[in-house]
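In the working numbering, the protein residues as written are -11 to 1113.
I have placed the structure first, in the form of structure tokens, so that the comments after it can refer back to it.
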Amino acid sequence: MMSTQPVPFEEVRRRAESLLSYSGSAQALKADVQFMANVPLSLSDKFHHITAQTMVTQNIAGHSREEVLESLGRLFKALSILEKYGCNLTSPSRPRYWRSVKHNNPVFRATVDAIKGGRSVLFLYGYTNQQPDGLSFPDDVTDPDVGKVAAVTIEVMTLRMELDMLIKGTHAHPEIYSNIIPSLSLPKTNQEKPELMSDAVVIPPGEEHGDRGKDLQPLSPPPKPAASPGLRHAPTTPTDGGCNLCGATPSLLCPPCGSLPFCQSCDLIYHRHPSRANHRRDRIQETCTICGMSQVYASSSTCSQRLCLECDRLYHSHPDREGHNRTLVTPAKLTRAFSLSLSSWECAQCTTVNEVKAVLCVTCERPRLAIASLIDQEDPGQPPPNPEWQCKSCTVVNQGSSILCEVCERPRLATRPSITPVLNSTPVLPMPGPTADKETEWMCQFCTYVNSPPAVVCEVCNLPCKDPAVTSPKSLLLQSPVKDFVPLPVTPQVPPGISSRVNIDIKRQNLMRDEGLKLVHHIRKGEKKGVGPEEVYAALCVSRGSNVNPCDWLKSELPHLLDEICAMAASAALQNFKARVSGPQDNTERDRGSTEQQSPSVLLGEGVQLSRVEAKHAWLAAGGDTERAVRQLLRDRQAKMRELRSLGFREASQCEEALRLSGGEVRGALSLLQRPLLEPFHQRIWSDQPEAPIDAKNPDKQRMCRRLLALYELPSWGRCELALSLLQEPDAQYSLEDVIQAVRESQDREFLRRLLNNECPCCLSIFPHSKMQSLTSCQCSVCHECFTQHFTIAVRDKHIRDMVCPVCAGPDINDPEHLDSYFFTLDIQLRDCLDREVYELFHKKLMEHALMKDPMFLWCCHCTFGFIYDGNQFKVTCPTCMKSFCNQCKKPWEAQHQDVSCEQFQLWKRENDPDYQRQGLAGFLRDNGITCPHCRFQYALTKGGCMHFSCTQCRYQFCSGCNNPFHTTACKTVQCKITGLHAHHPRDCLFYLRDWEPARLQALLQRNAVEFNTDPPNGTQTDACGVMEQKDEGGQQIDSPCGVQTQPVQAGLCNKHYREYLVSLINGHTLDPAILYDQQEVTVACKRYQVEEQQGEGEDDRVYKARLLKKLMEVPLGEKVPRMR
């Protein structure tokens, strides 16, 4: 039985997948999923995508039946959440955050993540990318695979429904799970029954076109589901006989009435009585015409058989019945024919039955009164669609907007015509006369009108005849006489009484057609005037027999009739009220609280006031009958009063007045009744008084949580409770706003404590993470106040390159690649925290910093003003101080500099300027002073002292001997592991040569035939060194003479500045000092510049030194070392 999968199962599966891919609604697939869940197939044959058997086996816990059912319940809830995920992915309007599934979701952790195999289903949906906080779709996936998601979701829904039936004990085939769940012992409800014989032929495989057996095959009835306590199942076979009132085919069964069967029309009339209005009725399901047990699957119009799935496959496998036309019977949507139990309620989205005290569904967490998702997507501003209606003549279900039936074209409110029963043995004979030789008349099965041959189309509804005896070619040929053939006159033998009955039927048919056409005429005429068909029909019923136009009657007489109905209803309510007050009351009946057997006016007050709108609705529902309209009006008002009373409004007079003012609308009356209750709230909301602060110490915790939800829009009730618990901690110094902002980001308590406790490294105060600010170049965080104060002082009093992190002094200002991006992001951060004046000053300094990178930018050597000069002359005039200087050497302009180069002008000054000659080598050192390699600003200072020089203009830090940058952090040099302040100097830099003795430096110059001075110039000071230096006095940088005692044979300079003089000559002539290195200096220099050369075995030290020196001299000298001008 479980090895071969029937083809119709696959058709239902494909249809369900297509419908889910199109709509994304699980509510529309309930019937198809129910069908697939009841198909007796093994789990491996039924489920192709998910491993249902493995999932059920792995999630079973415990050995007793109660433990197994509890574990199945957990799996059922997890599958419900997975079904919700799948429906969201297939929905045309997917949620905003459909791409990811977060692990910190409490519903996800308690359901999907708590079972084994849950994440595998999410993987099948497409959540294949593992994230730190959950699962997500890959970045290159723009839309989910709707077809695959729909296929997986259908299987999830099927497995969920099977588990639900197993838990409730209603599974049709529990033996499928007997091997998987041995401990689940379902009670046996099926008794041994004899096998049923059927005339369906069983065709063995491979004998489709051969001889087929004629023997009857036994069919075993399917097992009945176990009865669950508290649930009653509708009978699976129709009752014997017809409706209890009219004899038609019954569709409902009423157990309180003694299991009497009723058709739909009679049920509406019979159970309209107040004493029977709350009877619970069960719908009778149509069963197979062969086996009489299974539900109808297909209907054949050829053989008039309505068969189940198995019987249809066997019955139509016969060669004589292979070509029969069969129509798949779609399971209709189940409707409630009985009142819901007061102890539970069913979710409209996932159909889970919840307890009455539950506000949210335990499966999908939707509210109790929320409707299905398809209805949620509709526009709330649009009116609800008109319900479908069933024609009372041909039983065809039409759309709510249509007035006439689509098949028989009878009006919507036309009653079913009375049909005179005709004996099966007596045919309908034609009337005697000239048409007596024609065929037998036929009755239209749609509108019951009797037509006469040769017509094959009904004269009333214009639909073709379905009787093959009338439409066969043989009968049509007989109806076309031939001239040469004269048929013999046949006198039919008419039994007594048949002729009069035929005349009555013809008159009834003509009268029915005339009344129908007249009603259609009035309805179409009323449509042009905006009058509905119900009003036209009711007006015709009231004004029957008169020639008054129904539209005119509705306009002139209906208001008076409605006032009369209101007065009659008020009078009846008053009489019942007086009788109730004066008459004895049974305390037992009063305490019982039941209103099923009470009179319609029990809940109505003494002076009930009814509106015309209510009276009109009751009058239309009664079909124009005034007395019925009065009773219907009182019943409607009683139901509305009961509904308002259940919502908490006990004052009858207020409810009646609200209903009168709202025209009988419960929603409008509810709005009027709630308005006085909301008046204090409205006054508090619209008043100018400030809102009372939220007190975390308030004992009313629920009230505080509701205020948090209303004021701060937190995502859940649990977040509100978490915020209150954080505020109520004993040592908590958090503000409410800080806690709310932190709770919105996470619900982890330890993580929230870390967010709310951050120490500022500047002021050492505790601040939340939201009030801390950090730069993009580092990970340091400071509070807003320290951040603003630091950069305000830096902008006002310091250079722009001093605007670094106040904690780690990052980033490295000597890195030009990161400097521009750093200032770009810093500008965005300072825009909101600095004052307007300070921010404008920052932009001014930032502009000057950008201008300094321009090669045409010049600094004035007189006033330190910078400007752009695009000329090609040596002489440049400052626009600020109006003094001139040289564009090349940056020296003050003199007339002797005209038309000569800077070198020639410098040589002329040495030879002819007395002041320059008196300065001696000090002037030489000043002229060859320090020039910033970054902004080209010149300083008339010597290089002696500390080689770490910081430019006052651009804050560039470099070595004054080689112009290489100084790094405050780790640099990009390969194999450099220094993270502090350092620079990489070449071997001819003053940084290394200043340690040499003057005699050694002189030897290097003499070896290369370079002249140098040993005696001071005539007229120069010889007792103290006069070279200008930058000194730190009182925290300020001041330029002053050196003042150190001079040494003999050092040209009137101190030892330090004389060495600087000799090194400047060495650098000016590009001399390599390595030729004077000893063995140790050569080894150290090779390690410094990564020159690796191993000494060979037996190699002489001098040979090894010569080889190392040769390798070392291949390393170039400093490229940025300033050469003598």
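The C-beta atom is built at its ideal place from N, Cα and C for all residues, glycine as well.
In this text the structure is predicted, and so the values were computed from the model without any measurement.
* Taking all protein chains shown into account, decide if E5 is buried (16 or more other Cβ within 10 angstroms of its Cβ) or exposed. => Taking the first residue of the sequence shown as 1, we reach residue 5 at position 17. E5 comes out buried.
* Asked: For the candidate residues E552, Q861, A555 and G518, whose alpha-carbon lies nearest to that of P538?
  -> What you label residue 538 is simply residue 550 of the sequence shown in a count that begins at 1. If we check each option's Cα against that of P538, G518 comes out closest.
* Asked: Are there 16 or more other CB atoms within 10 angstroms of the CB of A1012, so buried, or fewer, so exposed?
  -> Translated into the one-based positions of the sequence shown, residue 1012 becomes position 1024. So A1012 ends up on the exposed side.
* **Beta-carbon proximity of A561 to W541, cut-off 7 Å** => Numbered from its first residue, the sequence shown carries residue 561 at position 573. Numbered from its first residue, the sequence shown carries residue 541 at position 553. No, the Cβ-Cβ distance between A561 and W541 is not below 7 Å.
* Own chain residues within Cβ distance below 6 Å of P521, not counting five before or after -> For the purposes of this step, residue 521 is taken as residue 533 along the sequence shown, with counting starting at 1. Answer for P521: I391, R400 and I511, listed in chain order.
* Three-pair Cβ contact test at 8 Å for the segment 142 to 161 versus the segment 59 to 72 -> yes
* Asked: What's the C-alpha gap between K156 and A19?
  -> Stepping through the sequence shown from its first residue, residue 156 is reached at position 168. Stepping through the sequence shown from its first residue, residue 19 is reached at position 31. If I take the Cα positions, the gap works out to 18 Å.
* Asked: In the structure shown, what three-state DSSP assignment does A958 receive?
  -> Here residue 958 refers to the residue found at position 970 of the sequence shown. For A958, the three-state secondary structure derived from DSSP is coil.
* E343 lies in the beta strand (DSSP E); which residues open and close that run? -> Residue mapping note: residue 343 aligns to position 355 of the sequence shown, counting from 1. Its beta strand (DSSP E) spans residues V341 to E343.
* To do: Using 10 angstroms around the beta-carbon of H973, count the other beta-carbons present and answer buried if the total reaches 16, otherwise exposed.
  => Counting from 1 along the sequence shown, the entry for residue 973 is found at position 985. With 16 or more other CB atoms across the displayed protein chains lying within 10 angstroms of its CB, H973 is buried.
* Collapsed DSSP secondary structure at T1002 in the structure displayed -> Position 1014 of the sequence shown, counted from the start, is the residue given in the question as residue 1002. Here T1002 carries a coil assignment [DSSP, helix/strand/coil].
* Asked: Residues in its own chain within less than 6 Å of V826 by CB, not counting five upstream and five downstream?
  -> Against the sequence shown, residue 826 aligns to sequence position 838. Here the set comprises T780 and V783.
* **Pairwise C-alpha distance: H922 and Y115** => Looking up residue 115 in the sequence shown gives position 127. Looking up residue 922 in the sequence shown gives position 934. Approximately 54 Å, taken between the alpha carbons.
* Asked: In chain order, what residues of the same chain lie with their CB nearer than 8 Å to the CB of L1105, ignoring the 5 residues before and after it?
  -> Along the sequence shown, read from residue 1 onward, the residue named residue 1105 stands at position 1117. Once the five neighbours on either side are set aside, the close Cβ partners of L1105 are P974, R975, D976, T1058 and D1060.
* Asked: Is E717 buried or exposed, if buried means 16 or more other CB atoms sit within 10 Å of its CB?
  -> On the sequence shown, residue 717 is found 729 positions in, with the first residue counted as 1. With fewer than 16 other Cβ atoms within 10 Å, it is exposed.
* For L715, which three-state DSSP category applies? -> Along the sequence shown, one-based indexing puts residue 715 at 727. Of the three classes helix, strand and coil, the one that applies to L715 here is helix, per DSSP.
* Asked: Exposed or buried, T576, counting other C-beta atoms within 10 Å across all chains shown (16 or more means buried)?
  -> The residue you call residue 576 lines up with position 588 of the sequence shown. Residue placement at T576 is poorly supported in this model, since its pLDDT is 44, which falls under 50; the coordinates still yield a value, given next. Per the 10 Å Cβ criterion, exposed.
* To do: Give the DSSP-derived three-state secondary structure of W86 in the structure shown.
  => Against the sequence shown, residue 86 aligns to sequence position 98. Looking at W86 - three-state DSSP - the assignment turns out to be coil, as it is neither helix nor strand.
* To do: Spatial neighbours of I494 within its chain, please: CB distance less than 6 Å, with the 5 preceding and 5 following residues excluded, ordered by chain position.
  => Mapped onto the sequence shown, residue 494 falls at position 506. For I494, where only same-chain residues beyond five positions count, there are no Cβ hits under 6 Å.
* Asked: With a Cβ-Cβ cutoff of 7 Å, do S765 and G798 count as a contact?
  -> Here residue 765 corresponds to residue number 777 of the sequence shown, with the count starting at 1. Here residue 798 corresponds to residue number 810 of the sequence shown, with the count starting at 1. Contact: yes.
* Exposure of N952, with buried meaning 16 or more beta-carbon neighbours within 10 Å -> The sequence position of residue 952 within the sequence shown is 964, counting from 1. So N952 counts as buried.
* Taking only the alpha-carbon atoms, compute the straight-line gap between P209 and V134 and give it to the nearest angstrom. => Locating residue 209 in the sequence shown gives position 221, counting from the first residue. Locating residue 134 in the sequence shown gives position 146, counting from the first residue. Its pLDDT being 39, under 50, P209 is placed unreliably by the model, and the measurement read from it follows with that caveat. So the two alpha carbons sit approximately 39 Å from each other.
* Indicate the three-state DSSP secondary structure (helix, strand or coil) for M791 in the structure shown. => Position 803 of the sequence shown holds residue 791. If DSSP states are grouped into helix, strand and coil, M791 belongs with coil.
* **Integer Cβ distance of V56 from S171, believed to fall under 8 Å** => As a first step, residue 56 is located in the sequence shown; it is residue number 68 there, counting from the start. As a first step, residue 171 is located in the sequence shown; it is residue number 183 there, counting from the start. Your pair V56 and S171 checks out as a contact, with CB atoms roughly 5 Å apart and the cut at 8 Å.
* Asked: If you check the beta carbons only, do F853 and T865 fall under 7 Å apart?
  -> As a position in the sequence shown, residue 853 is number 865, starting the count at 1. As a position in the sequence shown, residue 865 is number 877, starting the count at 1. For F853 and T865, no; Cβs fall outside 7 Å.
* Asked: Excluding five sequence neighbours on each side, which residues of the same chain lie with their C-beta closer than 7 Å to the C-beta of R2?
  -> By one-based count along the sequence shown, residue 2 stands at place 14. Around R2: no qualifying Cβ.
* Asked: So, are the CB atoms of M935 and C947 less than 7 Å apart?
  -> Working through the sequence shown from its first residue, we reach residue 935 at position 947. Working through the sequence shown from its first residue, we reach residue 947 at position 959. Closer than 7 Å, so yes.
* **Buried versus exposed, by CB contacts within 10 Å (16 or more), Q433** => Working through the sequence shown from its first residue, we reach residue 433 at position 445. Under this definition Q433 is an exposed residue.
* R789 versus F954 - alpha carbon distance -> Position 801 of the sequence shown, counted from the start, is the residue given in the question as residue 789. Position 966 of the sequence shown, counted from the start, is the residue given in the question as residue 954. Each residue's alpha carbon lies about 14 Å from the other.
* Work out the CA separation of S634 and N342 for me, nearest whole Å. => On the sequence shown, residue 342 is found 354 positions in, with the first residue counted as 1. On the sequence shown, residue 634 is found 646 positions in, with the first residue counted as 1. Rounded to the nearest angstrom, the two C-alpha atoms are 20 Å apart.
* Asked: Per DSSP, S1028 forms a beta bridge with which residues?
  -> Taking the sequence shown and counting its residues from 1, one reaches residue 1028 at position 1040. Paired residue(s): E1017.
* Asked: Per DSSP, what kind of secondary structure is S1119 in: helix, strand or coil?
  -> An answer regarding residue 1119 cannot be provided, because it is not within the stretch -11 to 1113 covered by the chain.
* So is G369 buried or exposed if we call it buried at 16+ other beta carbons inside 10 Å? -> Taking the sequence shown and counting its residues from 1, the one referred to as residue 369 is at position 381. Bear in mind that the predicted position of G369 carries a pLDDT of just 38, short of 50, making it unreliable; the figure below should be weighed with that in mind. Classification for G369: exposed.
* To do: Can you have a look at V1109 and say buried or exposed, based on whether 16 or more other CB atoms are within 10 angstroms of its CB?
  => Here residue 1109 refers to the residue found at position 1121 of the sequence shown. Using a 10 angstroms sphere on the CB of V1109, the tally of other CB atoms reaches 16 or more, which defines it as buried.
* Compare the Cα-Cα distances from E615 to each of I169, L549, T45 and R294 and report the closest residue. => One-based indexing of the sequence shown puts residue 615 at position 627. The candidate whose alpha carbon is nearest that of E615 is L549.
* Best match in Q861, L839, M791 and C849 for proximity to F830 [C-alpha to C-alpha] -> Position 842 of the sequence shown, counted from the first residue, corresponds to residue 830. F830 has its Cα closest to that of M791, out of Q861, L839, M791 and C849.
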